Amino acid sequence: MRRPIIYSSCLVFLITTSIPWAQQAPPLVAPTEALSPADEMKGFKLPKGYVVQLVASEPDI
Numbered sequence: 028m029r030r031p032i033i034y035s036s037c038l039v040f041l042i043t044t045s046i047p048w049a050q051q052a053p054p055l056v057a058p059t060e061a062l063s064p065a066d067e068m069k070g071f072k073l074p075k076g077y078v079v080q081l082v083a084s085e086p087d088i
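For the sequence shown, the positions run 28 to 88 when the working numbering is used.
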């Protein structure tokens, strides 16, 4: 008769202690608004002679 109580107690303990681990972690990168391609290209610092060209654009990434 004591075994079902012990097993039930262990099960309840494991479930209640695992709930914090199941929560979703906060994102590591702060959300920012998308910039236009021209504004993005202004952010690059390149040595003389190098040029940045936009060859593909995906706004959902």
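Even for Gly, the Cβ is constructed at its ideal location relative to N, Cα and C. Quick caveat: nothing in here was measured; it's all calculated off a predicted structure.
- Message: Whole angstroms are fine: how far does the CA of PHE40 sit from the CA of TYR34?
- Response: As a position in the sequence shown, residue 34 is number 7, starting the count at 1. As a position in the sequence shown, residue 40 is number 13, starting the count at 1. Straight-line Cα distance between these residues: approximately 10 Å.
- Task: State the Cα-Cα distance for the pair VAL78 and ILE42, rounded to the nearest angstrom.
- Result: Locating residue 78 in the sequence shown gives position 51, counting from the first residue. Locating residue 42 in the sequence shown gives position 15, counting from the first residue. A straight line joining the alpha-carbon of VAL78 with that of ILE42 spans about 57 Å.
- Task: Identify whether VAL63 lies in helix, strand or coil by the three-state DSSP scheme.
- Result: Here residue 63 corresponds to residue number 36 of the sequence shown, with the count starting at 1. Per the sequence shown, residue 63 should be read as Ser rather than Val. Coil at SER63, not helix or strand.
- Nearest-angstrom Cα distance between LYS69 and LEU81? Counting from one through the sequence shown, the residue named residue 69 turns up at place 42. Counting from one through the sequence shown, the residue named residue 81 turns up at place 54. Going by the C-alpha atoms only, they are around 12 Å apart.
- Message: Taking the alpha carbon of LEU62 as the reference point, which residue from VAL56, SER36 and GLU85 has its own alpha carbon closest?
- Response: The residue labelled residue 62 in the question sits at position 35 within the sequence shown. Distances from the CA of LEU62 to each of VAL56, SER36 and GLU85 were compared; the closest alpha carbon is that of GLU85.
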